[in-house]
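For reference, the structure discussed in these notes is given below.
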Amino acid sequence: MNRIDRTFEALRAANTAALIPFLTAGDPDVPTTLELMRVAVDSGADLIELGVPFSDPSADGPVLQRSLEIGLRAGASLGRVLELVATFRRESDVPVILYGYYNPILHYGPERFAADAHGAGVDGLLVVDLPPEEARELLVPARAQEVHIIFLLAPTSGPGRVRAVLRHAAGFVYYVSVTGVTGVRPMLAEAVEPAIARLREATGLPIGVGFGISTPAQAAAVARFADAAVVGSAIMRIVDAHRGAPDLLSEVGAFLRSLKAAMRAARSG
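Be aware that the sequence shown starts at 2, since it is given in the numbering used here, and climbs by one per residue.
Written as structure tokens, this is what we have:
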């Protein structure tokens with residue numbers, strides 16, 4: 002069983018929602034990303050979403066765009082990101098999902114990439130610009146390697162789109178809580194909860210919510226009705242504010258612990 006499946010199974014048994022922090026590989030540099038991944042695990046992360054730097058991140062807002070540019074300048078190529086995951090995997094069983102765009106994977110070679118991702122210890126792929134209808138050349142080798150491809154649904158996804166995504170979904174379904182790019186608009190729980198309830202009628206897969214969660218209160222609200230909260234821009238804002246400072250790791254760790262504590266309280270209350 003894939004580590005993502007095992008993790009959600011354990012969380013469901015414990016009546017806890019997953020905290021999934023997003024970190025950009027290479028921001029501020031690759032060795033520090035590894036340190037941030039360790040801090041994330043120590044601070045309550047259940048899964049880690051690791052952003053692969055890309056020059057044209059069309060789904061991402063200004064915070065992640067800047068972060069991905071820094072990652073590119075730091076040399077966080079797709080191959081180097083896989084090396085980073087392999088190093089992390091030698092010391093942790095926490096699932097890792099690579100987030101990014103298809104062009105680097107196409108250049109790397111989908112079949113070779115799926116094999117190398119599995120070998121490095123990658124558990125899932127979230128390729129923002131790869132719709133399920135066009136994903137076969139990556140889906141087939143990824144499935145052969147037991148690496149899940151996680152697809153996005155949004156408030157604008159109609160019934161046909163939902164069916165197409167669920168036909169190919171594995172691991173969990175990622176629901177984009179706001180229209181637009183990452184980190185710009187806040188998530189409104191009262192608007193998202195009915196959509197998650199409708200999705201639950203269509204799939205038994207766990208459902209994660211992302212794009213727009215930046216506070217412990219918002220993470221707690223999501224934890225009441227979803228299986229995971231994905232937090233990205235708020236974390237990389239802290240990285241941006243403390244880049245090069247001695248308190249970078251402690252500031253990120255404190256924020257993650259506040260998110261996790263709020264999510265636990267939401268379920269226990």
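Backbone N, C-alpha and C define an ideal beta-carbon position, used for all residues, glycine too. In this text, all values refer to a predicted model and were calculated from it rather than measured experimentally.
Residue i: first and last residue of the uninterrupted alpha helix (DSSP H) it sits in
| i | result |
| --- | --- |
| E194 | 190–201 |
| E112 | 111–121 |
| L48 | Per DSSP, L48 belongs to no alpha helix (DSSP H) and is neither H nor E. |
| V223 | 217–226 |
| V64 | 63–74 |
| V177 | It is not in any alpha helix (DSSP H) - V177 instead sits in the beta strand (DSSP E) that spans 174–177. |
| I239 | 234–243 |
| G80 | 79–90 |
| V163 | 160–169 |
| E252 | 249–269 |
Distance, residue j Cα to residue i Cα
| i | j | result |
| --- | --- | --- |
| A255 | V95 | 19 Å |
| P54 | H169 | 25 Å |
| G80 | A224 | 34 Å |
| P29 | F23 | 14 Å |
| I208 | I239 | 26 Å |
| V40 | R91 | 16 Å |
| R268 | R67 | 35 Å |
| A143 | G213 | 29 Å |
| R113 | I106 | 9 Å |
| L131 | V174 | 15 Å |
| V64 | M264 | 24 Å |
| E147 | S93 | 19 Å |
| A136 | A171 | 13 Å |
| P32 | D241 | 16 Å |
Extent of the continuous beta strand (DSSP E) run through residue i
| i | result |
| --- | --- |
| I21 | 19–25 |
| I5 | That residue, I5, is in no beta strand (DSSP E); its alpha helix (DSSP H) goes 4–14. |
| L140 | Not the beta strand (DSSP E): L140 falls in the alpha helix (DSSP H), residues 137–145. |
| L1 | Residue numbering for the chain in the displayed model covers 2 to 270; residue 1 lies beyond these limits and cannot be assessed. |
| V210 | 208–211 |
| L274 | No information on residue 274 is available, as it lies outside the stretch 2 to 270 that the chain covers here. |
Local Cβ density within 10 Å of residue i, reported as buried at 16 or more and exposed below that
| i | result |
| --- | --- |
| H149 | buried |
| S251 | exposed |
| R4 | buried |
| T157 | exposed |
| A11 | exposed |
| G245 | exposed |
| D124 | buried |
| V141 | exposed |
| S56 | exposed |
| G120 | exposed |
| D248 | exposed |
| A190 | buried |
| P111 | buried |
| A115 | buried |
Residue i: CB within 6 Å of a non-hydrogen atom of the ligand MG
| i | result |
| --- | --- |
| L73 | This structure lacks the ligand MG, and indeed carries no ligand of any kind. |
Spatially closest choice to residue i from the options, by CA coordinates
| i | options | result |
| --- | --- | --- |
| E138 | I214, Y109, T17 | Y109 |
| I21 | R81, V97, P160 | V97 |
| A229 | I239, R244, V40, L206 | L206 |
| L85 | V223, D124, V177, G27 | G27 |
| A118 | R162, L51, D130, A192 | L51 |
| P58 | L24, A171, Y102 | Y102 |
| S178 | A165, L167, P195 | P195 |
| R13 | V253, F226, E191, I214 | F226 |
| T17 | A220, A235, V232, S234 | A220 |
| A192 | A155, V163, A165 | A155 |
| L69 | R258, H243, G233 | G233 |
| N104 | V82, V129, A87, P32 | V129 |
| L37 | G62, A15, F89, L99 | F89 |
| P160 | E134, T34, L200, E135 | L200 |
| A77 | A60, L99, A115, G62 | L99 |
| R258 | P247, V163, I236, D241 | I236 |
Closer than 7 Å to chain D by CB, residue i
| i | result |
| --- | --- |
| N3 | Of the protein chains in the structure, only one exists, and it is not chain D. |
query = Should the segment 61–77 be regarded as contacting the segment 40–48, the criterion being three or more beta carbon pairs within less than 8 Å?
reply = no
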